[in-house]
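The opening residue of the sequence shown carries number 1265 in the numbering used here; numbering runs sequentially from there. Beta carbons are placed, not taken as given, at the ideal position from N, Cα and C, and that holds for glycine. Note that this is a predicted model, so its numbers are computed, not measured.
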Amino acid sequence: MKTLRIILYQSQANYRREETIDNKMTYPLPPMSTVIGAVHAACGYEKYHPMDISIQGCYGSKQKRIYRYNEYLNSTMDDRGILVKMKNSSMLSQAHEIVSEALKQGASHEKEVKTVVHNRELLEEYKKLRKNRKDIDDEIKSHKNADKETLNNLKNKKKNCQAKLDNFATLNRSIKSYEVLYDVKLIIHIRADDAVVEDILKNVYNIKSIGRSEDFVDIQEAKIVELFDEIDCDEIANDSNEKKLTGYVSSKAVSEDVIIPNERSEGIRVGGTKFYLNKNYYIKNGKRIFEKKWVVYSSNYKIDDESELGDDTNVYYDGTYIVSFL
């Protein structure tokens, strides 16, 4: 059996763990869905093409980086946050100018209570617009029995005032962090139909990033390799050829002793860390429904001459690396 093996390098990467918010933690290796998504994008696929993935690799170091997070509230709040005027509120842009900053509870930008004014001219514009809107609301109430044309004119007047007021927004700032892996090497095996494998091999250099858009890849090798369902020695460890090599392996293969955790001390075997990772998804009622796989992330495992390799276990040996398709 033949499969496609891709070896690539990334100077940095973050494979976002979807449940993390304030500290955007990273998986030690990209999930299957991340790799499959990058491959589909490189080939220009718009529909899912079935494929199985084996992912191994290593990284040099991991660091936590701090960044400032800007959150714009859905409505302008007079008593909190930072009052800003957007450069263009109709566009998805964070360009703004700071008007006033609330210092503590009980603040008011309009009344200048417990605030620091950064732009007096824009603050006066904000005050005037809020006063105009209040005056129009009072006028509408006093003319509730007026003719339809008068009411429509007042409502249009309020609409125009609100459109100008919508250029102002409340900004909350906070400190968040994200983890970054450095000096990443990935060994990826892909099993699919012959036509799909040929497509991937043809477009492999279109894989620009894996993880974030700025996590660029350098393809070092892409070739078809032979998979074997038996080995010609007593055992082969995952790091026989490269030290520090880790991988995602099938949880079932570990539990059935197809892939064997190496003994550490006093005969105790340490399997690794178990993850429930996304592989692919389908759309149902407008929502993505993911197919997930139980995997074990391990840095210390092996196969031996009694391991049942082949299609039944999806575990193979390519002459250099242990391959566990997920």
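#### Entry: Whole-angstrom C-beta distance between T1510 and L1293, which should lie under 8 Å
7 Å
### Task
Report the rounded CA-to-CA distance for D1457 versus L1573, giving the unit in angstroms.
21 Å
### Task
Ignore the nearest five residues each way along the sequence and tell me which others in G1475's own chain have a CB closer than 7 Å to its CB.
A1277, N1278, Y1279, P1294, T1298
### Query
In whole angstroms, what is the alpha-carbon distance linking K1408 and L1393?
22 Å
### Message
Using only CA atoms, which one of R1455, S1515, V1377, D1582 lies nearest to L1491?
### Response
D1582
#### Entry: Cβ pair E1499, K1328 closer than 9 Å
no
### Query
Can you list, in chain order, the residues of its chain whose CB lies under 6 Å from that of L1429, leaving out five sequence neighbours each side?
L1393
### Query
Taking DSSP as the reference, what is the three-state secondary structure of S1571?
coil
### Query
Just checking, does the region 1446-1462 make contact with the region 1266-1273 on the three C-beta pairs under 8 Å criterion?
yes
### Query
In the structure shown, what three-state DSSP assignment does H1304 receive?
helix
### Task
Please report the residue range of the alpha helix (DSSP H) in which Y1580 lies.
Taken as a continuous stretch (DSSP letters only), Y1580 belongs to no alpha helix (DSSP H), being part of the beta strand (DSSP E) at 1579-1581.
#### Entry: Boundaries (first-last residue) of the alpha helix (DSSP H) holding D1402
1384-1406
### Query
Taking Cβ positions, are L1445 and S1325 nearer each other than 9 Å?
yes
#### Entry: Beta-carbon contacts of K1538 that lie in its chain and below 6 Å, excluding the five residues immediately before and after
V1560
### Query
Quick one, which of T1290, G1321, H1304, L1465 has its alpha-carbon nearest Y1512's?
G1321
### When I1362, Y1585, M1341 are compared against K1507, the one with the closest alpha-carbon
Y1585
### Query
Could you give the distance in angstroms between the alpha-carbon of I1439 and the alpha-carbon of I1346?
15 Å
### Query
According to DSSP, which residues form a beta bridge with N1228?
For the chain, the structure presents residues 1265 to 1590; residue 1228 sits outside this window and is missing.
### Message
Going by DSSP in three states, V1518 sits in which element: helix, strand or coil?
### Response
helix
### Query
Under 9 Å, do K1556 and Y1540 count as touching if we go by C-beta distance?
yes
### Beta-carbon gap between A1305 and N1470 smaller than 9 Å
yes
### Message
For a test of the three-state rule: what should DSSP assign to S1297, helix, strand or coil?
### Response
helix
### Task
Scan the region 1287-1371 and note each continuous beta strand (DSSP E) run of 3 residues or more that stays entirely inside, going in chain order.
1316-1322, 1325-1336, 1346-1350, 1360-1366
### Message
Let me check understanding here. Comparing Cα to Cα, which of N1383, K1412, S1515, I1330 lies closest to V1348?
### Response
N1383
### Message
On the criterion of 16 or more Cβ atoms from any shown chain inside 10 Å, does Q1274 qualify as buried, or is it exposed?
### Response
buried
#### Entry: Whole-angstrom distance between S1364 and A1371, CA atom to CA atom
11 Å
### Task
Measure how close the beta-carbons of L1590 and I1362 come, nearest whole angstrom, since I'm counting them as under 8 Å.
Not a contact, Cβ separation roughly 49 Å.
### Task
Label N1544 either buried or exposed according to how many other C-beta atoms from any shown protein chain fall within 10 Å of its C-beta, with 16 as the threshold for buried.
buried
### Message
Considering only the alpha carbon of each residue, which of D1342, S1571, K1412, M1315 lies closest to E1520?
### Response
S1571
### Query
DSSP three-state call for I1495: helix, strand or coil?
coil
### Message
Tell me which residues share the same chain as I1495 and place their Cβ nearer than 7 Å to its Cβ, disregarding the 5 neighbours each side in the sequence.
### Response
I1567, D1569, Y1581
### Assigned exposure category for A1359 - 16 Cβ within 10 Å defines buried
exposed
### Query
If you draw a straight line from the alpha carbon of K1516 to that of Y1333, how long is it in whole angstroms?
41 Å
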